[in-house]
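J.: Pasting a structure here, questions to come.
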Amino acid sequence: MRIVLATTAPVMAAAPNVTLEKSSQVTSKRYPNYKVIVLNDDFNTFQHVAECLMKYIPCMTSDRAWDLTNQVHHEGQAIVWVGPQEQAELYHQLLSRADLTMAPLEAA
Numbered sequence: 001m002r003i004v005l006a007t008t009a010p011v012m013a014a015a016p017n018v019t020l021e022k023s024s025q026v027t028s029k030r031y032p033n034y035k036v037i038v039l040n041d042d043f044n045t046f047q048h049v050a051e052c053l054m055k056y057i058p059c060m061t062s063d064r065a066w067d068l069t070n071q072v073h074h075e076g077q078a079i080v081w082v083g084p085q086e087q088a089e090l091y092h093q094l095l096s097r098a099d100l101t102m103a104p105l106e107a108a
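For the sequence shown, full-length UniProt numbering assigns the number 1 to the initial residue and increments by one for each residue that follows.
This is the structure:
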């Protein structure tokens with residue numbers, strides 16, 4: 001009589017042959033811009049606000065500064081600059097140090 005010992009080895013299914021395709025598309029995401037907003041208050045003069053805008057905001061013309069100063073007075077606030085966060089933080093800080101009343105930076 002012959003005895004045969006059967007061993008059961010786990011049967012491994014062959015893995016499917018999957019080819020991953022590399023995407024040739026590059027998606028770029030821009031950093032958000034931030035708004036620098038001056039608020040109306042009861043202690044800064046029109047002259048001071050306009051002068052600060054011309055002094056601290058690049059390329060600010062006298063006419064634009066006065067238009068924004070009037071907007072601050074009549075509407076309660078004005079967006080005086082929009083751009084990258086680091087620059088927005090700088091302009092916000094400079095205007096704050098000049099005693100203008102500032103809203104917190106806000107993503108555009």
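We put the beta carbon where it would ideally sit given N, CA and C, even for glycine.
Between the Cα of Ala103 and the Cα atoms of Asn17, Ala50, Gly76, which residue gives the shortest distance?
T.: For the purposes of this step, residue 103 is identified with residue 103 of the sequence shown, where counting begins at 1. Ala103 has its Cα closest to that of Gly76, out of Asn17, Ala50, Gly76.
J.: Who are Val38's beta bridge partners in DSSP?
T.: Taking the sequence shown and counting its residues from 1, one reaches residue 38 at position 38. Val38 is bridged to Ala78, Met102.
J.: Going by DSSP, what residues sit across from Asn33 in a beta bridge?
T.: Within the sequence shown, the letter at position 33 stands for residue 33. DSSP lists Pro84 as partners of Asn33.
J.: What distance in whole Å lies between the Cβ atoms of Thr101 and Asp63, which are believed to be in contact at a cut-off of 8 angstroms?
T.: For this step, residue 63 is matched to residue 63 along the sequence shown. For this step, residue 101 is matched to residue 101 along the sequence shown. With a Cβ gap of about 23 angstroms, Asp63 and Thr101 do not count as contacting.
J.: Evaluate Asn17 with the Cβ neighbour count: other Cβ atoms within 10 Å of its Cβ, from every protein chain shown; 16 or more gives buried, anything less gives exposed.
T.: Here the question's residue 17 lines up with position 17 in the sequence shown. That one is exposed.
J.: What are the boundary residues of the alpha helix (DSSP H) that Phe43 is part of?
T.: To locate residue 43, count along the sequence shown from 1; it is residue 43. That residue, Phe43, is in no alpha helix (DSSP H); it is neither H nor E in DSSP.
J.: Helix, strand or coil: how does DSSP classify Ala108 here?
T.: Here the question's residue 108 lines up with position 108 in the sequence shown. Three-state result, Ala108: coil.
J.: Should Ala88 and Tyr34 be called a contact, given that it needs their Cβ atoms to be closer than 8 angstroms?
T.: Locating residue 88 in the sequence shown gives position 88, counting from the first residue. Locating residue 34 in the sequence shown gives position 34, counting from the first residue. Yes, Cβ-Cβ distance for Ala88 and Tyr34 is below 8 angstroms.
J.: Using beta-carbon positions only, say whether Ala65 and Val82 come within less than 8 angstroms of one another.
T.: Counted from its first residue, the sequence shown places residue 65 at position 65. Counted from its first residue, the sequence shown places residue 82 at position 82. Contact flag unset, no.
J.: Determine the direct distance from the alpha carbon of Asn44 to that of Val72, and round the result to whole angstroms.
T.: On the sequence shown, position 72 is the one that residue 72 refers to. On the sequence shown, position 44 is the one that residue 44 refers to. Their Cα atoms are separated by approximately 11 angstroms.
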